[in-house]
Structure formats: structure tokens, C-alpha cells
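Heads up: the sequence shown is residues 2 to 307, going by this note's numbering.
Written out below as C-alpha cells is the structure these notes cover.
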Amino acid sequence: MNSNSNLPKQVKIVEVGPRDGLQNEKENVPADVKIELVNRLTSAGFRNIEAASFVSPKWVPQMATSAEVMAAIERRPGVIYSALTPNMQGFEAALAAKADEVVIFGSASEAFSQKNINCSIAESIARFESVAKAAKDNGLRLRGSISCAFGCPYQGEVPLSAVADVVGRMRDLGCDEIDIADTIGVATPRKTQAVMEAAIRAFRIDGLSGHFHDTYGQALANIYASLEVGIAIFHSSVTGLGGCPYAKGATGNVATEDVLYMMQGLGIETGIDLDIVVDAGQYIAQFLGRKGNSRAGNAIAAKRIS
């Protein structure tokens with residue numbers, strides 16, 4: 002499957018900038034700036050925006066204003082506003098904040114799971130059983146995110162069987178969608194296809210998404226490789242917000258503007274207005290006092306000035 006005619010005709014882009022992108026920023030980003038960013042992204046046409054994280058402010062201070070943000074954003078009917086929920090306390094807060102989708106997470110790497118949360122993969126997934134049941138009981142969408150599916154900073158290679166196993170566990174919890182994440186950005190196109198094909202064998206293809214980091218400049222190539230095997234949901238972050246905590250100095254999430262520019266060139270529909278996303282990227286980059294990480298976004302913005 003390598004001709005454009007075999008690629009998906011449309012894709013869903015999940016915008017993760019307001020949560021995954023901003024959570025590691027050292028300087029405080031006030032609630033009103035986050036609210037403005039989410040509102041701009043909503044107006045751009047995203048159908049799914051990761052807007053909040055209900056974790057302990059002690060561990061992620063940047064997300065301490067999540068309830069305030071969720072209460073004040075201008076919601077558009079049909080848009081899914083997602084929140085990360087690590088436990089039942091987080092779930093209750095997400096429910097009170099009227100999140101449309103809660104996100105749980107696990108790792109495909111046993112070493113990563115042990116070093117980060119001091120338990121096995123199986124134990125980490127078991128901890129989410131109560132959150133998953135509560136989500137279903139309350140009619141919320143449930144998304145599972147699998148980190149280190151393409152490589153681990155501690156153990157290196159991650160077996161395809163390990164990825165398929167965690168996908169199966171997430172499926173059995175009742176996840177509506179499962180993210181296959183390249184947490185440290187080490188994937189290359191052929192590896193990407195092998196991992197995605199392993200995931201497809203364990204879960205329906207229309208519920209699988211690719212979450213790629215651009216640490217080694219491979220994210221767009223990996224997204225294209227995923228399109229070739231039929232994946233049609235991708236995560237990205239406006240202006241490339243978000244670092245990669247396991248690769249010092251490296252960029253993290255692939256920039257939404259770059260993904261949209263590529264999709265336009267491929268004739269794949271996203272339903273998203275690239276110009277509005279560029280404006281949103283320039284807005285948050287200016288607030289943070291730096292140039293954005295999106296090549297397409299920066300080029301489009303520069304053209305307007307010249």
C-alpha cells in the first residue's frame with residue numbers, strides 16, 4: 002500500500018498541545034492563556050483536543066489550573082475535550098469538570114514501567130480497572146495511551162509481542178481508542194509499520210492512533226508510514242509544544258502545522274483550518290517568548306510578513 006489512492010481519505014488529528022505540550026513548561030502558563038489557546042484550537046476545527054490533566058499539582062504544577070480551564074473554555078458541540086486521569090481521584094475531578102473523554106496510560110516497556118511507576122505493566126493496567134469501569138458507567142469515552150511502543154530509554158528495543166499484549170489489555174479494559182506512542186522519538190518508517198501491524202492484530206484499526214515525537218526528525222515519515230498501513234488518527238501539538246524528557250534538548254511532539262501541511266499535500270481531509278492553527282501557534286509561542294518548533298507554521302507566518 003504505497004500509492005496515494007490507498008491512503009485514508011480523511012484523518013482525525015488529536016491536538017495535544019494544551020496538555021501534553023504545556024505540561025513540562027517550567028514557567029507558569031496562566032489559565033487565561035490556556036483557555037485562549039483551547040478556544041483558538043476549537044475554532045480551527047479540531048474534533049478532539051487534549052485540554053487538561055487531573056494529576057497531583059505536586060508532580061505536574063503546570064496542570065494545577067485544569068478545572069479552571071475546563072470550566073471556562075468555549076465548547077463546540079461534537080468536539081471531544083479530553084483529560085488525563087491517573088487514578089480515581091483524577092477521574093472524579095475530570096467528571097466534575099465535564100470532560101468528554103478520560104485518558105489512561107501504560108507502557109509497552111517493562112523497564113520503563115518499573116523505573117517510572119515502580120510496578121509491572123500488568124500491575125499498572127490493573128490499577129486502571131476502576132477508572133475504566135467508572136468511565137463506562139458515566140458514559141465517557143475511554144482512551145488508552147501506550148508509551149515506549151517503539152523503543153525505551155532503559156531497555157532499548159521493545160518486542161512487538163509486548164506492544165500487542167498491552168494493546169490487548171487496554172482493549173479488555175474497554176478503551177474506545179488506543180494511542181501507540183513513540184515516547185523518545187526513535188522510530189523509523191519500517192519499524193513504525195511493524196509496530197502498527199502488531200497493534201492492528203490486537204485491536205480494530207479505526208480505533209488506533211499514532212503519537213510520534215520528532216526527536217530524530219522522523220515523525221512525519223512515521224506518520225506517512227502509518228497512513229500506508231491504514232492508521233487514520235494522529236496526535237500532534239500546535240507549534241511543536243512539548244519537550245522529550247528522556248532526550249535532553251530534543252524536540253518532542255510533532256508540530257500540528259507540519260502534519261496539516263503534509264495532509265493537505267496528500268489530499269487527505271482533516272476538517273482543520275491550517276491558517277487558524279498557525280495563528281494559535283504564533284500566539285502561544287509569543288507568550289512563551291520563543292520561536293515555534295513548526296517549520297511549516299514559521300514559513301507560513303514569515304510569508305505573511307514579507
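Here a beta-carbon is modelled for each residue, glycine too, at the ideal position from N, C-alpha and C.
Return the CA-CA distance between residue i and residue j, expressed in angstroms with no decimal places.
{"i": "G241", "j": "S295", "result": "6 Å"}
{"i": "G293", "j": "L275", "result": "15 Å"}
{"i": "I301", "j": "Y262", "result": "10 Å"}
{"i": "I105", "j": "N139", "result": "16 Å"}
{"i": "G272", "j": "G91", "result": "31 Å"}
{"i": "G169", "j": "S162", "result": "10 Å"}
{"i": "P190", "j": "Y225", "result": "8 Å"}
{"i": "S146", "j": "A133", "result": "13 Å"}
{"i": "G243", "j": "D173", "result": "30 Å"}
{"i": "I126", "j": "R305", "result": "48 Å"}
{"i": "M171", "j": "R144", "result": "9 Å"}
{"i": "L96", "j": "E102", "result": "9 Å"}
{"i": "F129", "j": "V260", "result": "32 Å"}
{"i": "D166", "j": "A195", "result": "15 Å"}
{"i": "L289", "j": "E178", "result": "32 Å"}
{"i": "E124", "j": "V164", "result": "16 Å"}
{"i": "S131", "j": "V70", "result": "26 Å"}
{"i": "R291", "j": "L23", "result": "14 Å"}
{"i": "K59", "j": "A72", "result": "22 Å"}
By Cβ distance, which residues of its chain are closer than 6 Å to residue i, with the 5 residues on each side in sequence left out?
{"i": "Y217", "result": "G186"}
{"i": "T66", "result": "A32"}
{"i": "V255", "result": "F213, D215, A220 and S237"}
{"i": "A94", "result": "F55"}
{"i": "M197", "result": "S227, V230 and I232"}
{"i": "N25", "result": "G244"}
{"i": "S148", "result": "S108, A182 and T184"}
{"i": "E37", "result": "none"}
{"i": "G298", "result": "T240, E258, V279 and G282"}
{"i": "G253", "result": "H214, G243, G244 and C245"}
{"i": "F204", "result": "V168, R172 and I179"}
{"i": "V30", "result": "L23"}
Smallest Cα separation from residue i: which of the options?
{"i": "T43", "options": "A65, Q11, W60 and P78", "result": "P78"}
{"i": "S210", "options": "Y225, D180 and G175", "result": "D180"}
{"i": "A68", "options": "R128, A109 and A100", "result": "A100"}
{"i": "Q63", "options": "D21, A95, Y82 and L96", "result": "D21"}
{"i": "A136", "options": "Y155, S110 and C176", "result": "C176"}
{"i": "I285", "options": "V15, I50, K35 and R172", "result": "K35"}
{"i": "A52", "options": "L85, V61 and K27", "result": "L85"}
{"i": "V80", "options": "G157, V15 and D166", "result": "V15"}
{"i": "P87", "options": "V61, I234, A195 and V260", "result": "V61"}
{"i": "A98", "options": "L141, V278, Q283 and G282", "result": "L141"}
{"i": "A188", "options": "G298, K59 and G157", "result": "G157"}
{"i": "F47", "options": "V167, R205, I234 and A72", "result": "I234"}
{"i": "A45", "options": "I277, S131, A303 and M264", "result": "I277"}
What do you get for residue i, buried or exposed, if any count of 16 or more other CB atoms within 10 angstroms of its CB means buried?
{"i": "Q287", "result": "exposed"}
{"i": "N223", "result": "buried"}
{"i": "R202", "result": "exposed"}
{"i": "D207", "result": "exposed"}
{"i": "S57", "result": "exposed"}
{"i": "N49", "result": "buried"}
{"i": "S83", "result": "buried"}
{"i": "M89", "result": "exposed"}
{"i": "G18", "result": "buried"}
{"i": "K27", "result": "exposed"}
{"i": "A303", "result": "exposed"}
{"i": "A200", "result": "buried"}
Output needed for residue i: all residues of its chain with C-beta closer than 7 Å, excluding positions within five of it in sequence on either side, in chain order.
{"i": "K192", "result": "F151"}
{"i": "M2", "result": "Residue confidence is low: M2 scores 37 on pLDDT, short of 50, so the model does not pin down where it sits. Its coordinate-derived value is still stated next. Cβ within range, chain order: E229 and V230."}
{"i": "N119", "result": "none"}
{"i": "C153", "result": "S110, A112, F113 and V159"}
{"i": "I122", "result": "G107, S108, E111, S114 and V167"}
{"i": "M264", "result": "V12 and T271"}
Residues in its own chain within less than 8 Å of residue i by CB, not counting five upstream and five downstream?
{"i": "I269", "result": "L8, P9, K10, Q11, V12 and L228"}
{"i": "N40", "result": "I74 and E75"}
{"i": "D280", "result": "R41"}
{"i": "N117", "result": "S108"}
{"i": "Y155", "result": "S110, A112, F113 and K116"}
- Please go through the stretch 49–73 and give each complete alpha helix (DSSP H) segment of 4 or more residues, from N-terminal end onward. Here the runs fully enclosed are 67–73.
Task: Whole beta strand (DSSP E) elements within the stretch 160–248, 3-residue minimum - done: Listed in chain order, they are 178–183, 209–213 and 234–237.
- Query: Which residue spans inside the stretch 62–142 form an unbroken beta strand (DSSP E) run of at least 3?
  - Reply: Counting only runs of 3 or more, we get 81–85 and 102–108.
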